[in-house]
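Below: one structure, written as structure tokens.
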Amino acid sequence: MKTVVQQLREARNLTQTELAQKSGLSLRTIQRIEAGNIPKGYTLKALAQSLETEAEKLIPVEKQLKLDRAKLINLSSLMGLILPFGGVIFPLILTNKTNDKINKDLGKRIVSVQILIAALLSFSLILSPFIQKELAVDFPLFLIPLLATISLKIFVCVMNGISLNKNNDLHKIMKINYL
């Protein structure tokens with residue numbers, strides 16, 4: 002079975018050597034890709050440009066991940082900005098209703114990060130009145146961890162969203178999984 006790269010190369014009446022020269026890649030790289038290796042990064046861009054097509058079209062359809070559910074789970078983690086523990090509850094519900102193994106795994110990792118953030122917020126909010134009393138500060142000290150957590154939630158959600166779009170994975174992977 003011919004690969005997409007091989008089909009496009011043959012449609013343009015190019016030999017493997019000519020495609021290698023036109024793209025700036027080695028002949029061996031072209032041979033590997035036509036043998037079934039998936040091009041990535043610079044190689045993918047160079048092939049797409051030399052074959053005058055979009056990079057996404059060079060990747061076999063079965064290799065393209067459908068991460069719409071993981072993106073929705075990531076976005077739902079922002080519900081923690083509106084409801085207490087909403088950043089854990091809503092992503093957890095969406096993760097449990099997911100049948101796809103990859104999206105379920107990504108959802109569990111998203112929920113694990115949200116559990117950690119919620120625990121840190123709870124702990125810091127419990128401690129803040131005691132610290133405020135000890136330091137005799139008139140400023141409501143609980144606002145500092147609250148605003149820091151809101152900023153952290155937004156930052157994590159945005160970075161995970163960008164990484165899901167670009168790399169099909171989360172930005173940072175925690176070694177501890179709470180689920």
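Here the sequence shown stands for residues 2 to 180, numbered as in the working numbering.
C-beta atoms are modelled at their ideal positions from N, C-alpha and C, and glycine is treated no differently.
Check: Looking at the unbroken alpha helix (DSSP H) that takes in Ser-129, where does it start and where does it end?
Finding: 102-136 is the extent of the alpha helix (DSSP H) around Ser-129.
Check: What did DSSP end up calling Thr-4 once you bin it into helix, strand or coil?
Finding: Coil.
Notebook entry, point to check: By how many angstroms is the C-alpha of Leu-136 removed from the C-alpha of Ile-111?
Noted result: Looking at the backbone, the Cα of Ile-111 and that of Leu-136 are separated by about 36 Å.
Next item on the list: Compare the C-alpha of Asp-69 against each of Glu-57, Ser-129, Leu-95 and Val-89 and name the closest.
Entry: The shortest C-alpha to C-alpha distance from Asp-69 to any of Glu-57, Ser-129, Leu-95 and Val-89 is the one to Leu-95.
Notebook entry, point to check: What's the gap between the Cα of His-172 and the Cα of Gln-17?
Noted result: Those two C-alpha atoms are separated by around 37 Å.
Next item on the list: Quick one: grab the DSSP three-state call for Lys-23.
Entry: In the structure shown, Lys-23 adopts helical secondary structure according to DSSP, grouped into three states.
Item checked: Ala-12 versus Arg-29, Leu-52, Leu-26 and Ile-34, residue with shortest Cα-Cα distance -> Checking every option, the nearest Cα to that of Ala-12 belongs to Leu-52.
Next item on the list: For Met-181, collect the residues of the same chain with a Cβ closer than 8 Å to its Cβ; drop the 5 residues on either side in sequence, then sort them by chain order.
Entry: Since the first residue of the chain shown is 2 and the last is 180, residue 181 is not available in this structure.
Notebook entry, point to check: Any idea if Gln-8 is buried or exposed, counting beta-carbon neighbours within 10 angstroms, 16 or more meaning buried?
Noted result: Counting of Cβ neighbours within 10 angstroms places Gln-8 among the exposed residues, the total staying below 16.
Next item on the list: Report the option in Asn-166, Ile-145 and Ala-47 whose CA atom is closest to the CA atom of Leu-26.
Entry: For Leu-26, the closest alpha carbon among the candidates Asn-166, Ile-145 and Ala-47 is that of Ala-47.
Notebook entry, point to check: Relative to the C-alpha of Phe-124, which residue among Thr-44, Val-157, Thr-150 and Ala-71 is closest?
Noted result: Considering only Thr-44, Val-157, Thr-150 and Ala-71, the residue with the shortest C-alpha distance to Phe-124 is Thr-150.
Next item on the list: Please go through the same chain and pick out, in chain order, the residues whose beta-carbon is closer than 8 Å to the beta-carbon of Leu-15, but skip the five residues on each side of it.
Entry: Lys-23, listed in sequence order.
Check: Among Asp-170, Lys-98, Lys-102 and Gly-81, which has the Cα closest to the Cα of Leu-122?
Finding: Nearest option by C-alpha distance: Gly-81.
Notebook entry, point to check: What do you get for Pro-85, buried or exposed, if any count of 16 or more other CB atoms within 10 angstroms of its CB means buried?
Noted result: Result: exposed.
Check: Which class does Ile-60 belong to by DSSP, given the choice of helix, strand or coil?
Finding: Reduced to three states, the DSSP call for Ile-60 is coil.
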